[in-house]
Structures are given as structure tokens and as C-alpha cells.
Amino acid sequence: MSETLEVGAVVRRFLQARRRGPFELRELTRLLHNDATYVEVIDGERLTVSGGNGIAELLQAVWARRGDDETMSIVRSGVTSDTTAVGHWRRVTADGTVVHGRDRYTVADGLIVEIEVEEFASAAVPTYVRI
1 MSETLEVGAV
11 VRRFLQARRR
21 GPFELRELTR
31 LLHNDATYVE
41 VIDGERLTVS
51 GGNGIAELLQ
61 AVWARRGDDE
71 TMSIVRSGVT
81 SDTTAVGHWR
91 RVTADGTVVH
101 GRDRYTVADG
111 LIVEIEVEEF
121 ASAAVPTYVR
131 I
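Quick note on the UniProt record's numbering: the sequence shown kicks off at 1 and runs consecutively.
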């Protein structure tokens, strides 16, 4: 399998597990390298979490805080190089606010080693090769 296809397959499995929600903690953990890092800037504060288990637990806690009225969908995802892929998502909060975001995934040896999360106001997203 080419590196580009492998990156696409790993990220696609991660996004599918993420979309299914908190019950997919085991699958999320399997796809994350033990030394993976997660970086997100929230209201100007940089949040960094290290370790695959810690990242999976963080994502599970985030899902648990969201109400049944909040929805999240993957708008588009694509491979951007032989080591990275990008996923664009849209989240609608309980009060109807729409938040757009972009996650960049770096993959090595078949596992995700880094996730960088960015939220933005515009729904315009670049076109990438679909994965």
C-alpha cells in the first residue's frame, strides 16, 4: 500500500470512530501512537495533550459534555501529503451556533502521531483528494 493510501486509511478509520462517539474509545486508542500529541487553541489558550490514551480520553470527555442537541459532521477530508491528512468538520451547538474546524493529522508507521485542531468562522474549505 502506498504511503498516501495508508495515511488516508488510518485517518478515515479515526474519523469514523470519532463520528460514532464515546463508545469507540478502544478503536481511537488503537489508531494513536503511544507518544502522539494533540494540540488545540481554545480562546487563545493552547491545550496540549500527550499520549494516545490521554488523547482518546480527552476526546471521550469532550463527547460526554456535549448534549444530545449538539451535532457534528465531517464535511470533507483528504490526504495532503505522504504523511498528513486534513479533516474539515462542522458542529452545531444546542443554541444553533455553527462552528467550523479543521484537524490536521500526521501519520507515521500506520499510526497517528499528531493532531492539530483549528476552529474558524468561515465554511469555505480547500479541496483535497478525498479519502
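No residue lacks a Cβ here, since even glycine has one placed at the ideal position from N, Cα and C.
Residues that DSSP places opposite residue i in a beta bridge
{"i": "Glu3", "result": "None; Glu3 has no bridge partner."}
Where residue i sits in the DSSP three-state scheme
{"i": "Thr29", "result": "helix"}
{"i": "Ala56", "result": "helix"}
{"i": "Gly78", "result": "strand"}
{"i": "Ala108", "result": "strand"}
{"i": "Ile131", "result": "Caution applies to Ile131, whose pLDDT of 44 falls short of 50 and renders its modelled position unreliable; the value that the coordinates give is listed next. The answer is coil: DSSP assigns Ile131 none of H, G, I, E or B."}
Beta-carbon proximity of residue i to residue j, cut-off 7 Å
{"i": "Ser77", "j": "Arg90", "result": "no"}
{"i": "Val39", "j": "Ala85", "result": "no"}
{"i": "Thr106", "j": "Glu114", "result": "yes"}
{"i": "Asp103", "j": "Val117", "result": "yes"}
{"i": "Ala17", "j": "Glu6", "result": "no"}
{"i": "Asp82", "j": "Glu3", "result": "yes"}
{"i": "residue 138", "j": "Leu32", "result": "For residue 138 there is no data in the structure shown, the boundaries of the chain being 1 and 131."}
Any C-beta of chain C under 7 Å from that of residue i
{"i": "Ala64", "result": "Among the chains of the structure shown, chain C does not appear; only one protein chain is present."}
Contact belief for residue i with residue j at Cβ below 8 Å, rounded distance in angstroms
{"i": "Gly54", "j": "Asp35", "result": "No, Gly54 and Asp35 are not in contact; Cβ-Cβ is about 11 Å, not under 8 Å."}
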